Amino acid sequence: MNSIRATTWSQLMELLYEDAWMPSLRRFRPPFAFRGLPDESFVLDTSLMRMGQDCARIEGHLLRNFKKYALRDVVERDSLWYWLSVAQHHGLPTRLMDWTFSPYVALHFVTANTERYHSDGIIWCLDYKKVHSYLPAALSGLLEDEGADVFTIDMLSPIHSLREFDARSEHPFALFFEPPSIDDRIVNQYALFSVISNPTISMKSWLEQRPDVYRKITVANELKWEIRDKLDQANINERVLFPGLDGLSRWLRRQYVQPILPNPPTQA
C-alpha cells in the first residue's frame, strides 16, 4: 500500500524510518526525500504550475527577468541550476519543488500552521534512487561516474537551458539535486529540490504512474499537537529552520497559541 494513516507518535516514527537500514552500508541511511504538507488535500503542484495554464510559456520570462533585476544582490554564476535554486529559494515561481532529507523537518511543515490543526496532514516519502532509475542514460551515467545518489548543480551545469533539459528524453523524467548553501536556511532545512522535464506535469501525476517509488503518510489531525510539542523539545522549529528575526517572530507567535485539543493527547 502506498498510503497509511498514522494516529500515534510511535507508529509515525516507524513509518518514517521504514526501510532505513541499508545492508550494503551497514548503516541507517534511507534513500528518501520528504515533503510535509499541513493539509492532506494539498497537491504536489509547483509554484510555476499554480500560475495557470500558460505556465510553460512564461517560465523563461520569469527566470530571465529575475536574473536581470537580481544581479546586484546575487553573485553572478553562469549555471542555470544556480539561478533556478536562488529564484526558488526567494519565492519566484519555478518548476522546482522543495524537499528535505529530514523526516523531522517535514513534520515541522506539517505542524507549523496551527490554523490547519483541524485537518489531517501528509508526508510524501520518495525514494530518490528509484526515481533516478527512470533517468535517461546520460544523466544516470553522471550519477554513476560520481558515485552519487542525488545531483549537485555542478553535475548539472553542462545543461545550459531548460529546453535542453526537457529534450533529454521523449518521456518526462524527474530528478533530485542539492541546492548550493546560499544561506543557513538551506543548510538547516537539509534541503533538496526536485525537477521534472516538463513544466506542466505535476509530481503527483508523475508518481501515480510509478507507484514503486513513493509512499504517503497521512498524519492524523489529533496527533498534531503532540508532534509539535515533541519537535519543539527536539529544537526543530522556526527559530532554527528560518534563522533570523522573521523565524524568531514566527516561533514566538506559535508558542503562545492556545491549543484546542478535542481529545486527550495520545500516549505512545
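Letter by letter, the sequence shown follows residues 0 to 267 in numbering that gives the first Met the number 0.
Each residue gets a CB set at the ideal place from its N, CA and C atoms; glycine is no exception.
Owing to the predicted nature of the structure, the values given are computational and were not obtained by experimental measurement.
Q) Thinking C-beta only, is ARG209 closer than 9 Å to TYR133? A) For TYR133 and ARG209, yes; Cβs fall inside 9 Å.
Q: May I ask which residues mark the beginning and end of the alpha helix (DSSP H) holding PHE164?
A: From DSSP, the alpha helix (DSSP H) with PHE164 extends over 161 to 165.
**Q.** Three-state secondary structure assigned by DSSP to ILE185
**A.** Note: ILE185 maps to helix in three-state DSSP.
(Q) Using the Cβ count rule (16 or more neighbours within 10 Å means buried), how would you classify LEU251? (A) By the Cβ neighbour-count rule, LEU251 is exposed, with fewer than 16 other Cβ atoms within 10 Å of its own.
Q | Residue from MET96, TYR103, HIS89 and SER248 with nearest C-alpha to ASP228 | A | Here the closest residue by C-alpha is TYR103.
Q. What are the start and end residues of the alpha helix (DSSP H) that includes THR99?
A. Per DSSP, THR99 belongs to no alpha helix (DSSP H); it is in the beta strand (DSSP E), 96 to 99.
Q: Along the beta strand (DSSP E) that carries ASN194, what are the first and last residues, could you check?
A: Per the sequence shown, the amino acid found at residue 194 is Val instead of Asn. Here the beta strand (DSSP E) through VAL194 covers 190 to 195.
Q | CA-to-CA distance, ARG162 to GLU274, given in whole angstroms | A | In the structure as shown, the chain begins at 0 and stops at 267. Residue 274 is therefore absent and cannot be evaluated.
Q: Tell me whether LEU101 is buried or exposed, calling it buried when 16 or more other Cβ atoms sit within 10 Å of its Cβ.
A: At residue 101 the sequence reads Ser, which differs from the Leu that was named. Buried.
**Q.** Where GLY313 falls: helix, strand or coil (DSSP)
**A.** Residue coverage of the chain in this structure runs from 0 to 267, which leaves residue 313 outside it and unanswerable.
**Q.** Continuous beta strand (DSSP E) stretch holding ASP126: start and end
**A.** Unbroken beta strand (DSSP E) run through ASP126: 120 to 126.
Q. If you drop the 5 nearest sequence neighbours on each side, which residues of the same chain put their C-beta closer than 7 Å to that of ARG115?
A. Hits under 7 Å: PRO37 and ASP38.
Q) Skipping 5 residues on each side, what residues in its chain have a beta carbon closer than 8 Å to that of ALA269? A) Because the chain in this structure spans residues 0 to 267, residue 269 falls outside the shown range and cannot be described.
Q) Does the region 148 to 157 come close enough to the region 239 to 253 that 3 or more CB-CB pairs lie under 8 Å? A) No, because fewer than three Cβ pairs between the region 239 to 253 and the region 148 to 157 fall closer than 8 Å, the two stretches do not touch.
(Q) Once DSSP output is grouped into helix, strand and coil, what is the label at PRO28? (A) Contrary to the premise, residue 28 reads as Arg rather than Pro in this sequence. DSSP, read as helix, strand or coil, puts ARG28 in coil.
Q) Do you know how far the Cα of ILE235 is from the Cα of GLU207? A) Approximately 31 Å between the Cα atoms of the pair.
**Q.** Given LEU95 as reference, the closest of LEU106, TYR81 and THR113 once Cα atoms are compared
**A.** Comparing Cα positions, the closest option is TYR81.
Q | For TYR255: DSSP bridge partner residues | A | Answer is none; TYR255 lacks a bridge partner.
(Q) Quick check: is the beta carbon of THR45 nearer than 9 Å to any beta carbon in chain C? (A) Of the protein chains in this structure there is only one, and it is not chain C.
Q) DSSP state of ARG214, grouped into three classes? A) Assignment of ARG214 by DSSP, reduced to helix, strand and coil, places it in the strand class.
Q: Measuring alpha carbon to alpha carbon, tell me which of GLU17, THR45 and ARG26 ends up nearest SER204.
A: Per the Cα distances, THR45.
**Q.** ILE3 - DSSP class collapsed to helix/strand/coil
**A.** In the three-state DSSP reduction, ILE3 falls in the strand class (E or B).
Q | Burial state of PRO22, where buried means 16 or more other Cβ atoms lie within 10 Å | A | Around the C-beta of PRO22, fewer than 16 other C-beta atoms lie within 10 Å, and the residue is accordingly described as exposed.
(Q) Tell me the residue span of the beta strand (DSSP E) that contains LEU174. (A) Per DSSP, the unbroken beta strand (DSSP E) holding LEU174 starts and ends at 173 to 177.
Q.
At the level of alpha carbons, what is the spacing between SER180 and VAL186?
A. Using only the alpha carbons, I get a separation of about 6 Å.
Q: Take the Cβ of ALA86 as the centre, count every other Cβ of all protein chains shown within 10 Å, and call the residue buried at 16 or more, exposed below.
A: Residue burial annotation: ALA86 is buried, with at least 16 other C-beta atoms found within 10 angstroms of its C-beta.
Q. What's the call for ILE3, buried or exposed, on a 16-neighbour Cβ count within 10 Å?
A. ILE3 is exposed by the Cβ-count criterion.
Q: Could you spell out the range, first to last residue, of the alpha helix (DSSP H) harbouring VAL104?
A: In the DSSP annotation of this structure, the continuous segment of the alpha helix (DSSP H) that includes VAL104 starts and ends at 102 to 110.
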